[in-house]
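Every position in the sequence shown, counted from 1, becomes a number in the working numbering once 14 is added. Heads up, the beta-carbon is just placed ideally off N, CA and C, and yes, glycines get one too.
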Amino acid sequence: IERERALMARKQREEEDCLLAEAKADADYLKKDVFAAGDPAERAEVNRLEKQLIEYERTLMARRQREEEDRLLVEAKTESELLNKEVLVAEDAAERAELDRLEKESIERERAL
15 IERERALMAR KQREEEDCLL AEAKADADYL KKDVFAAGDP AERAEVNRLE KQLIEYERTL
75 MARRQREEED RLLVEAKTES ELLNKEVLVA EDAAERAELD RLEKESIERE RAL
């Protein structure tokens with residue numbers, strides 16, 4: 015399931031990157047075309063659209079950064095849980111070894127008496 019999610023997320027990022035690149039290319043073409051025409055209202059509209067595109071790109075990058083941070087946090091929590099389990103197993107093994115040692119000592123003392 016995790017592998018499938020990662021694949022879907024990667025495909026989504028690739029699609030977003032492609033759409034963003036197309037939008038930037040369209041904006042550059044439109045900007046050249048409009049600025050060549052010289053209409054101030056159209057220039058203002060192109061500038062507004064360009065700012066929206068930049069804002070979208072920033073939002074997209076911020077979302078991706080949050081997703082990566084969330085992924086790393088989940089990974090760290092999972093790793094921490096595994097380490098905690100390993101510590102508990104090691105502690106149990108140490109306690110069993112100590113009990114075995116005490117039991118052997120007790121048996122040896124009984125034999126000595």
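Residue i versus residue j: straight-line alpha-carbon distance, rounded
| i | j | result |
| --- | --- | --- |
| R123 | E112 | 16 Å |
| R115 | D84 | 46 Å |
| Y70 | D42 | 16 Å |
| A126 | S120 | 10 Å |
| P54 | A23 | 41 Å |
| E28 | R17 | 16 Å |
| N98 | E117 | 28 Å |
Segment limits, alpha helix (DSSP H) that includes residue i
| i | result |
| --- | --- |
| L116 | 54-126 |
Neighbourhood of residue i by C-beta, 7 Å cutoff - its chain only, sequence neighbours within 5 removed
| i | result |
| --- | --- |
| E109 | none |
Chain-order list of residues whose beta-carbon lies under 8 Å from that of residue i (same chain, five-residue window excluded)
| i | result |
| --- | --- |
| L63 | A41, L44 |
| V101 | none |
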